[in-house]
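> Reminder that position 54 of the sequence shown reads as 234 in this note's numbering, one-by-one numbering, no gaps.
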Amino acid sequence: MSDRIKKLFVFVLSIGFLGWSLLLFPLTARADGLSEKHIEEISNLWQKSAHAFADVNCSSCHLEPETKQLIIAPNHESCQSCHERQVETFLLGKHGIRLQEGLSPLTPAMAHLPMKEAASDRQMNCNTCHDVHSVNTFTASVNSCLTCHNDTHSLNYVKSKHGLLFTEAKLLPAPTADLVSCATCHLPRQRVEGTKTVFVNHNNTYNLLPRDRMVKDVCMNCHGMEYSYNSIFDDELVKANFDAPPTQYLETLEMVKAFEKKRGGTED
Ligand code: HEC
Ligand code: HEC
Ligand code: HEC
Ligand code: HEC
Ligand code: HEC
Ligand code: HEC
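#1: Count the other CB atoms, across all protein chains shown, that sit within 10 Å of the CB of histidine 231; report buried if there are 16 or more and exposed otherwise.
#2: Taking only the alpha-carbon atoms, compute the straight-line gap between tyrosine 407 and leucine 293 and give it to the nearest angstrom.
#3: Please name the residue in Asp397, Tyr386, Leu430 whose C-alpha comes closest to that of phenylalanine 270.
#4: Rounded to the nearest angstrom, how far is the Cβ of aspartate 311 from that of threonine 319, given a contact under 8 Å?
#5: Using 8 Å as the threshold, is the stretch 410-426 in touch with the stretch 331-342, meaning 3 or more CB pairs across them?
#6: Can you tell me whether histidine 329 is helix, strand or coil according to DSSP?
#7: From the DSSP output, in three-state form, read off arginine 443 for me.
#8: Is isoleucine 412 near ligand 1 - that is, is its Cβ less than 8 Å away from at least one heavy atom of it?
#9: Nearest-angstrom Cα distance between glutamate 416 and phenylalanine 233?
#10: According to the Cβ coordinates, are asparagine 410 and proline 390 closer than 9 Å?
#11: Pull up the distance between the alpha-carbon of histidine 218 and that of cysteine 238, whole angstroms please.
#12: How long is the line joining the alpha carbons of threonine 347 and valine 398, rounded to whole angstroms?
#13: Per DSSP, which residues does methionine 435 bridge with? Please list them.
#14: Taking a contact to mean a Cβ-Cβ separation below 9 Å, would you say glycine 273 touches asparagine 401 in this structure?
#15: Name the residue from Gly343, Pro353, Met304, Gly374 whose alpha carbon lies nearest to the alpha carbon of valine 360.
#16: Do proline 285 and cysteine 452 have their beta-carbon atoms positioned less than 9 Å apart in this structure?
#17: If you measure from the CB of lysine 419, is any heavy atom of ligand 6 nearer than 8 Å?
#18: How would you call methionine 295, buried or exposed, if buried means at least 16 neighbouring beta carbons within 10 angstroms?
#19: Spatial neighbours of arginine 369 within its chain, please: CB distance less than 6 Å, with the 5 preceding and 5 following residues excluded, ordered by chain position.
#20: Based on the DSSP output, what are the partners of methionine 295 in its beta bridges?
#21: Please state whether the Cβ-Cβ distance between alanine 363 and cysteine 325 is less than 9 Å.
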């Protein structure tokens with residue numbers, strides 16, 4: 181892109197979306213080889229997004245706030261000022277930790293777990309699960325995961341009761357707390373301590389070990405303690421992504437119950 185066009189780009193960005201759409205698109209499109217149609221598609225997605233309703237516009241992500249430099253392909257740092265917790269937690273889990281350590285982004289080619297062949301070179305960042313222009317959280321919660329993950333457990337989700345109920349609810353604007361997606365278990369919603377604010381913990385490693393953590397943070401929002409423990413410690417049921425009620429009975433549960441009773445807990 182020539183300097184002249186860059187300066188113009190930055191100027192228009194600074195006057196907001198209207199400026200961008202009226203003046204800039206045809207110019208940048210030519211300069212960058214992006215078709216006008218593509219940019220129009222992006223604007224259409226954005227116009228219907230939660231961001232547009234909250235006055236988060238093109239320049240919120242595409243303009244470096246201090247230097248006013250244009251950023252063509254923003255990364256997680258562009259989200260940080262508004263979504264600090266999501267960025268922080270993302271960087272702590274397997275998905276984001278390479279970025280935290282200054283390495284190249286995680287790709288499926290680096291994985292031990294089975295991954296979709298076609299996704300080998302996809303780089304992990306905020307925009308990998310979120311189409312950043314539509315920020316549709318339904319797509320992010322299941323479909324995005326399955327563009328990469330290809331193990332038995334992941335593939336079995338779709339036909340589980342959780343999965344069927346989730347698919348049925350797709351006409352809602354966003355997944356609600358009574359649905360179970362991949363993200364419900366692996367990117368759990370958490371309350372900011374001492375407040376009513378709930379956010380999505382983006383650390384995908386957080387809930388895996390020990391598995392009790394997922395029982396308390398996730399399952400017990402809907403199922404009883406016994407049902408939850410008996411399900412989650414059954415490796416076959418995990419593999420089948422919980423496609424049937426639990427059949428095993430954990431004796432240690434008796435011990436947990438006795439302990440809670442002794443401590444004066446009300447759990448039964
Ligand atoms: C929430 C932040 C955010 C907002 C708001 C946003 N963008 Fe983007 N945009 C991004 C990110 C992140 C990328 C990089 C995507 C990638 O690398 O695949 C991007 C990529 C692009 C690209 C590069 C082409 C492409 O498809 O990768 C264009 C053009 C673009 N955005 C235009 C716009 C326009 C026009 C608006 C306003 C209508 C807008 N963006 C609003 C974050 C945003
Ligand atoms: C200037 C502040 C700002 C920036 C920068 C920003 N966002 Fe947002 N984002 C918001 C606001 C405000 C909302 C609406 C919050 C709400 O409804 O609670 C939102 C909502 C969202 C949602 C939820 C959408 C929904 O339907 O509930 C996602 C996902 C999201 N942003 C992702 C991103 C990503 C990814 C980036 C960086 C590429 C980004 N945002 C950059 C302010 C921002
Ligand atoms: C592995 C996929 C994935 C990645 C990577 C990802 N997200 Fe998300 N994000 C989701 C899903 C799924 C939801 C919705 C979960 C739900 O509704 O329970 C979500 C929800 C959100 C929300 C709205 C809900 C909230 O309060 O947290 C914001 C904001 C958000 N993400 C920002 C980001 C940012 C910023 C990044 C990059 C640091 C990012 N996401 C990376 C999958 C992802
Ligand atoms: C761009 C591809 C991609 C997408 C999209 C993606 N993942 Fe991953 N995920 C990976 C890779 C690669 C790994 C590392 C696997 C390995 O090391 O064997 C991983 C690891 C994981 C792990 C294991 C974490 C650990 O600490 O062992 C979980 C759980 C996970 N992903 C869940 C999800 C969920 C849920 C979604 C959707 C909300 C999702 N992933 C979206 C590529 C992806
Ligand atoms: C009801 C909760 C639940 C749902 C829904 C769910 N998972 Fe899991 N997932 C688990 C549990 C429990 C484990 C086993 C954790 C362990 O091995 O300790 C697991 C393991 C994984 C692992 C392997 C981690 C490893 O290192 O071996 C990946 C990857 C994964 N899930 C991805 C997904 C994806 C993708 C979806 C949606 C298509 C999904 N999960 C849906 C609960 C769930
Ligand atoms: C948001 C609520 C919710 C959460 C959280 C939740 N579930 Fe469920 N679960 C349901 C609903 C609803 C059903 C379907 C019940 C029915 O149809 O009888 C279900 C069904 C099941 C079934 C039986 C499937 C079948 O085919 O009969 C198992 C096993 C199960 N869940 C285990 C878990 C485990 C383990 C967790 C935590 C990792 C968990 N669930 C988290 C709501 C939830």
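Beta carbons are placed, not taken as given, at the ideal position from N, Cα and C, and that holds for glycine.
Predicted model only: the values in this text are computed from it and were never measured.
Let me lay it out:
#1: Sixteen is the threshold: when 16 or more other Cβ atoms of the shown chains lie within 10 Å of the Cβ of histidine 231, as they do, the residue is buried.
#2: Between tyrosine 407 and leucine 293, the C-alpha separation is close to 28 Å.
#3: That would be Tyr386, whose Cα lies nearest to the Cα of phenylalanine 270.
#4: Their Cβ separation, rounded to whole angstroms, is 7 Å, which keeps aspartate 311 and threonine 319 in contact under 8 Å.
#5: When C-beta atoms of the stretch 410-426 are compared with those of the stretch 331-342, three or more pairs fall below 8 Å, so the two segments count as touching.
#6: It is a strand residue.
#7: DSSP places arginine 443 in helix when its eight states are reduced to three.
#8: No, the beta carbon of isoleucine 412 sits no closer than 8 Å to any heavy atom of ligand 1.
#9: Computed Cα separation, rounded: 44 Å.
#10: No, Cβ-Cβ distance for asparagine 410 and proline 390 is not below 9 Å.
#11: Counting only the Cα atoms, cysteine 238 lies some 15 Å from histidine 218.
#12: In a straight line, the C-alpha of threonine 347 is about 19 Å away from that of valine 398.
#13: Per the DSSP secondary-structure output, methionine 435 pairs with nothing in a beta bridge.
#14: With contacts defined by Cβ atoms closer than 9 Å, glycine 273 and asparagine 401 do not form a contacting pair.
#15: It is Gly343 whose Cα lies nearest to the Cα of valine 360.
#16: Look at the range of the chain in this structure, 181 to 448, and you will see that residue 452 is not part of it.
#17: Every heavy atom of ligand 6 is 8 Å or more from the Cβ of lysine 419, so no.
#18: By the neighbour-count rule (16 or more Cβ atoms within 10 Å), methionine 295 is buried.
#19: Contacts found: Val378, Val380.
#20: Its beta-bridge partners are His329.
#21: Yes, the Cβ-Cβ distance between alanine 363 and cysteine 325 is below 9 Å.
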